[in-house]
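S.K.: Sending over a structure as structure tokens; questions will come in a sec.
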Amino acid sequence: MASLSEGEVTNRGSMWELDQNLDRPMDEEAGRLKNMYREKKFSSALLLRLAFQSLGVVFGDLGTSPLYVFYNIFPRGVDNDEDVIGALSLIIYTLTLIPLLKYVFVVLRANDNGQGGTFALYSLLCRHAKINTIPNQHRTDEELTTYSRQTYEENSVAEKIKRWLEAHAYKRNILLILVLIGTCTAIGDGILTPAISVLSASGGIKVQNQNMSTDIVVLVAVVILIGLFSMQHYGTDKVGWLFAPIVLLWFILIGSVGAVNIHKYNNSVLKAYNPVYIYRFFRRRWNSDIWTSLGGVMLSITGTEALFADLCHFPVLAIQIAFTLIVFPCLLLAYTGQAAYIISHKKHVADAFYRSIPDAIYWPAFVIATAAAIVASQATISATYSIIKQALALGCFPRVKIVHTSKKFLGQIYIPDINWVLLVLCIAVTAGFKNQSQIGNAYGTAVVIVMLVTTFLMVPIMLLVWKSHWVLVVTFIVLSLMVEVPYFVACILKIDQGGWVSLVIATAFFLIMYVWHFCTVKRGVPHIFSHFITNLPAIHSVVVFVCVKYLPVYTVPTEERFLVRRIGPKNFHMFRCVARYGYKDLHKRDEDFERMLFECVLFFVRLESMMEGGYSDSDEFSVPELAGTGGGALTSSAFLQGEKTCSTMCSNGELSLSSQDSIVPAQSPPPPRSSRLLTRCSEGEAASTVGDELEFLNRCKDAGVVHILGNTIVRARRDSGVVKKIAVDYMYAFMRRMCRENSVIFNVPHESLLNVGQIYYI
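Each residue of the sequence shown is one higher than the last, beginning at 428 in my numbering.
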């Protein structure tokens, strides 16, 4: 195993010339392809159907908040009617400003061709400014039909903001850190949402039997959690048809019970719709426990961040219809009805939701509440899987197994390793705290951090992507921070009361993602091709370099997936193929990868012969006929070589990407996730015509397959600091040992596997 330090160049002679040829950037595609991703038009009937379906996927988490909000606002009980009305007024206007105005009518518009979440905002910014920390963008990528971007006038505000962001690397790193913070806290939601939702719903069994031990409630919640996570491998597609009716029934239930309670107990709570009671609430409780109450009110909008993250399943208009016509009115009725009941039964504030339900429908309501809590948990768990997949595609997470659970919906995935980690952490949180209050404090902290990150990311989105006037931008950020900052302060002050849990979870995932990303960017590809040939000389008849890279777009249409060109003279039989993917594209194992790769090369040779004057070294074009079958065939770099005909995969694991889209010397910018395939037939065989070359390639293809996987061991240099040595030599090395091997991911048979390794110092 050889050593290679950063900046060291070891290649000489013809091998160096080959590397230089690979360094050459690929020119623009030969013609643009038809845009298959125009904005879809939906009929009114279809929109209503999609709005109904969105209830089960998008709004389950937000809809189950009435289970635990008032208890967390008044954990020590309530004495004054005005306090209840003031808290209700805060809930009403928080729901109006954050979920309704900010998210439903503003943030949802900042989607990446229908994709939502923190990574979608980041991908939009990366396309409009050169802020991507992985330098893999090239001008040919801008010709993609899904690669939309804006142009700016000289000296405009947007142009100045763009230049300011691009000026220094530390600004790009700060933006990446901000994105990772939002992502990691969103993962924390996937742990805390099932814990608090299921525990709150399970608490209903104790209302009818006050002598029941709290441990019994916790045990029931743990059993439900185990069942919930054990069913994840079936996928949401198999049970998805139940989600929307359950959540619709839930909203009808809480809305109806709320209306009955308003009429039955105290309709004076309607005064809460006057915002002056917010001022009175602050004035009366400022010197007591105002921050505790604010932390409880914050829980009324938990699930709002999932509303944006789950956007990929439905059009924006369908979500807007569902929220404004069903979710928002029912939530207002539910909270107003609970407030009316609490004013008449102040001692029941701890379990006001269940006690306010009429006895005749108590147990049916308990069943519906438990089912709704499970649905809410399912939506957040699925969103966590999606976040992990996006992070993995962008080089920010170790390799894990991803299972696609639905043939209809490519976004429905299951990650076994993450699933069991979530289960263990959910059980630990539920059994460790045993009460809603401390879990609620942790939950609120995670939610408000995600909202703040979204607010800060929306500022450059509005300026660069939307080209909004600065007055609108200032108005948006002032209104958002005016609500979110007090809630953030309230949650931070509860760190010692359970809020520390979300921070610990987010910090752990942040360290994992940032260290992995740091080492991924620093490494790149050592010259394994040159190193292997130097130590094991061989004459290579056909070489095809297949570079797989990820772009800051949600998807790459299959018709535009592949770019192909020839490297060097024709008698070298060397080709280059770039396979481009978005962060939402489907990747799966494909046993016919070698066949599809050779068909792609054969098509290139035929088309090349038909072009007048032929193609030069830098000529390239896409291969639409093969794109549909080749998409997702290979997800890691590969170096393919062998004695006879061989397609060898030499994977360096998580390789970074270069702006030249090529394999480059060690001192150059990091190259793309690259894969190389080499075929060899008997010595002396050559092809002088197109027909001979096609026959030659086919004979090579039929000779056999050997896989060569390249493994790079990353080490910190001896003169590195202590922090870097710990991050690289211990944390990153441990994660490399724990994550899945490339041979397992690609299902490489051991009898035809050969590993080639190097030590790379960063």
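C-beta atoms are modelled at their ideal positions from N, C-alpha and C, and glycine is treated no differently.
Note that the structure is a prediction, hence the values are computed from the model and not measured.
Out of 483, 632, 828, point me to the one whose CA is closest to residue 670's CA.
M.R.: 483
S.K.: Grab me the residues of residue 871's own chain with a C-beta within less than 6 Å of its C-beta, minus the 5 sequence neighbours each way, in chain order.
M.R.: Hits under 6 Å: 722, 725, 726, 918.
S.K.: In this structure, how does DSSP classify residue 750 when only helix, strand and coil are distinguished?
M.R.: helix
S.K.: Please determine, among 534, 778, 980, 1155, the residue with the shortest C-alpha to C-alpha distance to residue 900.
M.R.: 534
S.K.: Distance, Cα to Cα, residue 751 vs residue 530?
M.R.: Whole-angstrom Cα-Cα distance: 12 Å.
S.K.: For residue 817, count neighbouring C-beta atoms within 10 Å of its own C-beta (all shown protein chains included) and say buried if the count is 16 or more, exposed if not.
M.R.: buried
S.K.: Locate the beta strand (DSSP E) running through residue 1008, then write down its first and last residues.
M.R.: Where residue 1008 is concerned, the enclosing beta strand (DSSP E) stretches over 1001 to 1008.
S.K.: For residue 502, which residues in the same chain have their Cβ closer than 7 Å to its Cβ, ignoring the five residues on either side in sequence?
M.R.: 719, 864
S.K.: If I follow the unbroken beta strand (DSSP E) through residue 793, where does it start and stop?
M.R.: No beta strand (DSSP E) holds residue 793; the alpha helix (DSSP H) holding it covers 789 to 820.
S.K.: In the DSSP assignment, what are the bridge partners of residue 1139?
M.R.: 1185
S.K.: Quick one: what's got a C-beta closer than 7 Å to residue 910's C-beta in the same chain, skipping five residues either side?
M.R.: Counting only Cβ-Cβ distances below 7 Å, and skipping sequence neighbours, we find 521, 524, 525.
S.K.: Taking 8 Å as the threshold (C-beta atoms), are residue 880 and residue 491 in contact?
M.R.: Their beta carbons are not under 8 Å apart, which means residue 491 does not touch residue 880 by this criterion.
S.K.: Can you tell me whether residue 643 is helix, strand or coil according to DSSP?
M.R.: helix
S.K.: Out of curiosity, what's the CA-to-CA distance linking residue 895 and residue 889?
M.R.: 5 Å
S.K.: According to the neighbour-count rule (16 or more other Cβ atoms, all chains shown, within 10 Å of its Cβ), is residue 506 buried or exposed?
M.R.: exposed
S.K.: Quick check: what's the CA-CA separation for residue 977 versus residue 940?
M.R.: 17 Å
S.K.: If you draw a straight line from the C-alpha of residue 496 to the C-alpha of residue 1163, how long is it?
M.R.: C-alpha separation (whole angstroms): 42 Å.
S.K.: Could you tell me whether any non-hydrogen atom of the ligand ATP is closer than 7 Å to the CB of residue 748?
M.R.: The ligand ATP is not part of the structure shown, which contains no ligands of any sort.
S.K.: To the nearest whole angstrom, what separates the beta carbons of residue 673 and residue 802, a pair I think is in contact under 8 Å?
M.R.: 6 Å
S.K.: What's the C-alpha gap between residue 585 and residue 791?
M.R.: 55 Å
S.K.: Determine the burial state of residue 1157: buried for a count of at least 16 other Cβ atoms within 10 Å of its Cβ, exposed for fewer.
M.R.: exposed
S.K.: Leaving out five residues on either side along the sequence, give the residues of the same chain with a beta carbon under 8 Å from the beta carbon of residue 1029.
M.R.: Exclusion of the five residues before and after residue 1029 leaves 1121, 1124, 1125 as the residues of its chain whose Cβ lies within less than 8 Å of its Cβ.
S.K.: So what does DSSP say about residue 775, is it helix, strand or coil?
M.R.: Note: residue 775 maps to helix in three-state DSSP.
S.K.: With respect to the beta strand (DSSP E) encompassing residue 990, which residues constitute its N-terminal and C-terminal limits?
M.R.: 989 to 994
S.K.: Between the stretch 838 to 848 and the stretch 649 to 660, do three or more beta carbon pairs fall short of 8 Å?
M.R.: yes
S.K.: Checking 8 Å against the spacing of the C-beta atoms, do residue 784 and residue 684 come in under that value?
M.R.: yes
S.K.: Could you check what DSSP says for residue 1011 in three-state terms: helix, strand or coil?
M.R.: coil
S.K.: Which stretch, first to last residue, makes up the alpha helix (DSSP H) that contains residue 621?
M.R.: 596 to 629
S.K.: On the DSSP bridge list, what partners appear for residue 706?
M.R.: Partner(s): none; residue 706 has no beta bridge.
S.K.: Measure the Cβ-Cβ separation of residue 711 and residue 510 and say whether it is below 8 Å.
M.R.: In this structure, the beta-carbon distance from residue 711 to residue 510 falls below 8 Å.
S.K.: Label residue 699 either buried or exposed according to how many other C-beta atoms from any shown protein chain fall within 10 Å of its C-beta, with 16 as the threshold for buried.
M.R.: When all chains shown are included, residue 699 counts as buried.
S.K.: Rounded to the nearest angstrom, what separates residue 1185 and residue 1161 at their Cα positions?
M.R.: 18 Å
S.K.: Decide if the stretch 633 to 648 is in contact with the stretch 807 to 827; the criterion is three or more beta carbon pairs, one per stretch, under 8 Å apart.
M.R.: no
S.K.: Measure the C-alpha to C-alpha separation of residue 517 and residue 540 and round it to an integer number of angstroms.
M.R.: 34 Å
S.K.: Taking the Cβ atom as the reference point for each residue, do residue 936 and residue 601 lie within a distance shorter than 8 Å?
M.R.: no
S.K.: Counting pairs of beta carbons, one from the stretch 756 to 772 and one from the stretch 687 to 697, are three or more of them closer than 8 Å?
M.R.: yes
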